[in-house]
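J.: Residue numbers (the numbering used here), protein chains in the order written: chain A, 12 to 151; chain B, 147 to 624.
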Amino acid sequence: MGQFDDDPANLPALPQVLVVDDDAAMLRLMNRVFRKDLDMVLVDDPLKALDLLETRAFDLALVDHTMPRISGLTLAIRGAALQPAMAWIMLTAHDSLPAVRLAIEEGRVDALLPKPWDRVQVLAEIQRVLAARAARHGAP
Amino acid sequence: MNASIKQAAWDQSCFVRERMEAMVAALLIVFVEPWWFLFDRAVEPTQALGFLPWRLGSAGLSLVIALVVARARDGRQVRLLNFVNLGQTSLVIAGLTALASNRAEYLIGFSVVLWATGATFTWPARWELALCTLSLTAILAPLILLGSPSIASTTSYLGTTAIVCVVGVAVRRSLHRRAFEASYDLAEANGELEQTVHELRDAQARMVAAEKQAALGRLLAGLSHEINNPLTIVQNSIDPLDDYFNTVLRVLERAQDSTSSPERVAADAAAVELDFVRTDHSEAVDAMRVACQRIRSIHRDLRTFVRGDTLGMEVADLSPGLMATIRLFRRGLPSTVQVEADCPALPPIAHAPGPLNQVFANLLQNALDAIGDEGAIHVASRSTGDGVEVSVTDTGPGVPAPLLPQIFEPFFSTKQAASGTGLGLAISQQIVQQHGGTLELDLTYTKGARFVMWLPTHGEHQQANASIPPYVSQPRPA
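#1: Measure the alpha-carbon distance for V109 (chain B) versus T283 (chain B) and round it to whole angstroms.
#2: I'd like to check one pair, A92 (chain A) with V31 (chain A): are the Cβ atoms closer than 9 Å?
#3: C595 (chain B) and D540 (chain B): beta carbons closer than 9 Å?
#4: Which same chain residues end up closer than 7 Å to A216 (chain B) when comparing Cβ atoms and leaving out the 5 residues on each side of it in sequence?
#5: So, is A104 (chain A) buried or exposed, given that buried needs 16 or more other C-beta atoms within 10 angstroms?
#6: Note down, in chain order, all residues in the region 480-510 of chain B with a beta-carbon under 7 Å from any beta-carbon belonging to chain A.
#7: Name the two residues that bound the continuous beta strand (DSSP E) containing A491 (chain B).
#8: Have a look at E372 (chain B) and A412 (chain B) and give me their C-alpha separation to the nearest angstrom.
#9: Is the region 304-311 of chain B close to the region 329-342 of chain B, with three or more CB pairs under 8 Å?
#10: According to DSSP, is H76 (chain A) helix, strand or coil?
#11: Expressed to the nearest angstrom, what Euclidean distance is found between the alpha-carbon atoms of I88 (chain A) and L377 (chain B)?
#12: I need the DSSP call for W200 (chain B), collapsed to helix, strand or coil.
#13: Using 9 Å as the limit for Cβ to Cβ distance, is M37 (chain A) near chain B?
#14: Buried or exposed, going by whether 16 or more other CB atoms sit within 10 Å of the CB of N248 (chain B)?
#15: Using a C-beta cutoff of 9 Å, does D34 (chain A) count as contacting chain B?
#16: Would you mind telling me which residues of chain B sit closer than 7 Å to W128 (chain A), beta carbon to beta carbon, in chain order?
#17: If I follow the unbroken alpha helix (DSSP H) through F185 (chain B), where does it start and stop?
#18: For S641 (chain B) and chain A, any beta-carbon pair shorter than 9 Å?
#19: Rounding to the nearest angstrom, what Cα-Cα distance links L226 (chain B) and G293 (chain B) in this structure?
#20: Take I625 (chain B) and list the residues in its own chain whose beta-carbon comes closer than 7 Å to its own, dropping the five residues that flank it on each side.
#21: Does M166 (chain B) pass the burial test, meaning 16 or more other C-beta atoms within 10 Å, or should it be called exposed?
#22: Bridge partners for S527 (chain B) per DSSP, in chain order?
#23: Check this for me: beta carbons of H581 (chain B) and H497 (chain B), under 9 Å apart or not?
#24: Hey, out of B:R528, B:G241 and B:A172, whose CA is closest to V230 (chain B)'s CA?
#25: In the DSSP output, which residue or residues are listed as bridge partners for A216 (chain B)?
#26: Give me whichever residues DSSP pairs with W99 (chain A) in a beta bridge.
#27: What span of residues does the beta strand (DSSP E) with Q27 (chain A) cover, start to end?
#28: If you drop the 5 nearest sequence neighbours on each side, which residues of the same chain put their C-beta closer than 8 Å to that of A563 (chain B)?
#29: Does DSSP put W600 (chain B) in a helix, a strand or coil?
#30: Counting along the chain, where does the beta strand (DSSP E) carrying D50 (chain A) start and finish?
#31: Evaluate contact between the region 534-550 of chain B and the region 312-328 of chain B, counting only Cβ atoms and requiring at least three cross-stretch pairs below 8 Å.
#32: Could you name the residues of the same chain whose beta carbon sits closer than 7 Å to that of E136 (chain A), not counting the 5 residues immediately before and after it, in chain order?
#33: For P466 (chain B), decide whether its Cβ has a neighbour in chain A, counting only Cβ atoms nearer than 9 Å.
#34: Return no unless some Cβ of chain B is closer than 9 Å to the Cβ of A104 (chain A).
#35: Cβ of L502 (chain B) within 9 Å of Cβ of D463 (chain B)?
#36: Can you check which of these residues, B:N228, B:G196 and B:L198, is closest to S208 (chain B) by C-alpha distance?
Pasting the structure below:
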């Protein structure tokens, strides 16, 4: 169970997660659902998110794809330049966007989560993505 | 297979015609033979009475044959009966000629039989040839036996007659055949043409239905996206709210349990994180309310948009359908795209709501495609004296002058292949025209594109019971 153990002795630091979505109700929902599992910073503007990436390290970002001005995909690509070790998970209603699929193949985006999502599904995906990243960067 | 069908049709046509000709000929003989008695009295007075039984006999036989021909079943039977009848008539006349002394008159009279068959019949020439041979043999045999000196003149006279008759019969049959072929081929071509027209109409109906499905598909894809967020909020807020309630419930139960210590109760209460729960609970409930409201209004607009399919024509204000369509399209648009609607209530007119909503959807989609990520769309409606007018204006690049004549043509599109069938404006214009109205591009508007639709309040198309052609009231998909 790893990082989601309840035993305080085994509790590592919660993953540092950047959440970006232009819908404020969605951000509050994320907080409501994941506050015990993730250490989140919630941002409603992708430009502010980019500014934040320059000053603070994150393990992973949960990003909504359809946003005005900058899409989640563009944010992921620009953000990867600032923090290459970070993982990116795209939340989207359109689960077969070719551009996003391509980004996953190229390794710029780690995973795609279709909407509507549920808590268990999101946590499992986060665990999988972080483990994959760790394996890649831990390899000799 | 067509050749044998054609042959059968020709055979049937010949049979019907030849049967009629045979009956006419037989009945003519029945009426004419007794009158020839007067001829006999004039030319051969001494033998007239002697000839009469033969004449009457021949007439009687003809009558019998006429009745048999009426019941004949195929062409061959008819021709045989014909041959028998004309043959017996020829033999009788030949016999009387042999007995008569004024042979010349009888020969001329005899040749009438040959002329008549040549003029009347349209049967194969070989049958006429056989008949002529029989007739010639019949007349020549007794003349030879009697040692008549006029064999040569008789032969040449009757022989010429016979040749003319055979040729006549052959020509008439050939003309009949050609007329038959022409009219048969025409009927066949006509049948094929009708078939093609049917297929084209079917194909058109299918294309219209496909365009409608495609348009609806694009709309629904956008709406599905719209519903996802509210659905996610409702779905994922249930467990947290349940948790909040349960933690508070536990404290209450603990407090009501007389065996628990006050310290225990206080510890449980502290663990509830009351401040957070208080604010988050009310935020969650508000968010869920808003989310459900949003889903309900999407559903309501969608129903108004699609509902028109089940009605035919109705006499009503078309604003609700227009507004529902606008609201459907407005959802999920980025903040850089504005859609303004200036649509007051309109007087009721007879219209088909489903197809008209499709027209509105098409115009709005085109406007959205024209402005891309940034721009404005303005929809305005008003009542004119004799009808209602709806205009859709966008701040896009407009329609380039060279393309102006083509925009309402089927399959004309400036968009990528995947995003449209190119039928939208063509079908929209057709639907509007079927309402007796007009759909046009305003050529005086230069800041983008402005499409204006006008529908008459009264007109030949504005009966409440009038039906739009089948393709616009397709059965709804299950």
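C-beta: ideal position from N, C-alpha, C; glycine also. Computed from a predicted structure; not experimentally measured.
T.: Judging by the given coordinates:
#1: Absent from the structure is residue 109 (chain B), since the part of chain B shown begins at 147 and ends at 624.
#2: no
#3: In the sequence under discussion, the amino acid at residue 595 (chain B) is Ala, which differs from the Cys named in the question. Yes.
#4: M169
#5: buried
#6: P480, S481 and T482
#7: No beta strand (DSSP E) contains A491 (chain B), which DSSP labels as neither H nor E.
#8: 45 Å
#9: no
#10: coil
#11: 29 Å
#12: helix
#13: yes
#14: exposed
#15: yes
#16: T378
#17: N148 to V189
#18: Since the first residue shown for chain B is 147 and the last is 624, residue 641 (chain B) is missing from the structure and cannot be characterised.
#19: 33 Å
#20: No information on residue 625 (chain B) is available, as it lies outside the stretch 147 to 624 that chain B covers here.
#21: exposed
#22: B:V536
#23: yes
#24: B:A172
#25: Its beta-bridge partners do not exist; DSSP assigns none.
#26: A:A72
#27: Q27 to V31
#28: Reliability fails at A563 (chain B), whose pLDDT of 46 lies under 50, so the model's placement of it is uncertain and the value that follows must be treated cautiously. Cβ within range, chain order: n/a, list empty.
#29: strand
#30: D50 to V54
#31: no
#32: I100, A122 and L124
#33: no
#34: yes
#35: no
#36: B:N228
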